[in-house]
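Chemist: So that we are looking at the same thing, I have put the structure below in C-alpha cells.
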Amino acid sequence: MKRFLTTGVACLAMAGAVQAQDVQIETQTQTPTAAVKPMDQPREWSATLIQDATGLHDIIVDSHPGVHDALNPGFRPRLEQGLTVALDRAKT
Numbered sequence: 010m011k012r013f014l015t016t017g018v019a020c021l022a023m024a025g026a027v028q029a030q031d032v033q034i035e036t037q038t039q040t041p042t043a044a045v046k047p048m049d050q051p052r053e054w055s056a057t058l059i060q061d062a063t064g065l066h067d068i069i070v071d072s073h074p075g076v077h078d079a080l081n082p083g084f085r086p087r088l089e090q091g092l093t094v095a096l097d098r099a100k101t
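Numbering (our numbering), first residue to last: 10 to 101.
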C-alpha cells in the first residue's frame, strides 16, 4: 500500500508539472515577452509535495470504495499513514 500511495503521489506530481508546462507554453505563445520560462524561478518543492499529497489523499477519501469497506478496516489507517509520510518528507 505504501508503494501504491508513493506511486500515486509521484504520478500526481508529474501530472501537475505537465499541466504547468502546458499553461506556460500557451502563455509563451500569446505573450512571449511576459512569459516566465520553466525553472527561472526557484520552486517551493515542499509546498508542492504538501499540495499534491493532500490533494491525492482527498481524492481517495472522496472516491475510493476502500474508505467505506467494512471488510477492509486497515484501508483508512494506511491511507492516513501514507499522507503522514508524505507530509513528513515535505519537511525535509
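Built from N, CA and C at the ideal position, the CB exists for glycine as well.
Note that the structure is a prediction, hence the values are computed from the model and not measured.
Whole angstroms is fine: what's the gap from MET48's alpha carbon to TRP54's?
Modeler: MET48 and TRP54: Cα-Cα distance of roughly 12 Å.
Chemist: Which one of GLN50, ASP71, HIS66, PRO51 has the shortest CA to CA distance from ARG87?
Modeler: Nearest of GLN50, ASP71, HIS66, PRO51 to ARG87, Cα basis: HIS66.
Chemist: In angstroms, rounded to a whole number, what distance separates the CA positions of LYS100 and LEU80?
Modeler: Rounded to the nearest angstrom, the two C-alpha atoms are 34 Å apart.
Chemist: Name the two residues that bound the continuous alpha helix (DSSP H) containing PRO86.
Modeler: Start and end: 84-99.
Chemist: In this structure, does DSSP put ASP49 in helix, strand or coil?
Modeler: Three-state result, ASP49: coil.
Chemist: What is the DSSP secondary structure of HIS77, counted as helix, strand or coil?
Modeler: Of the three classes helix, strand and coil, the one that applies to HIS77 here is coil, per DSSP.
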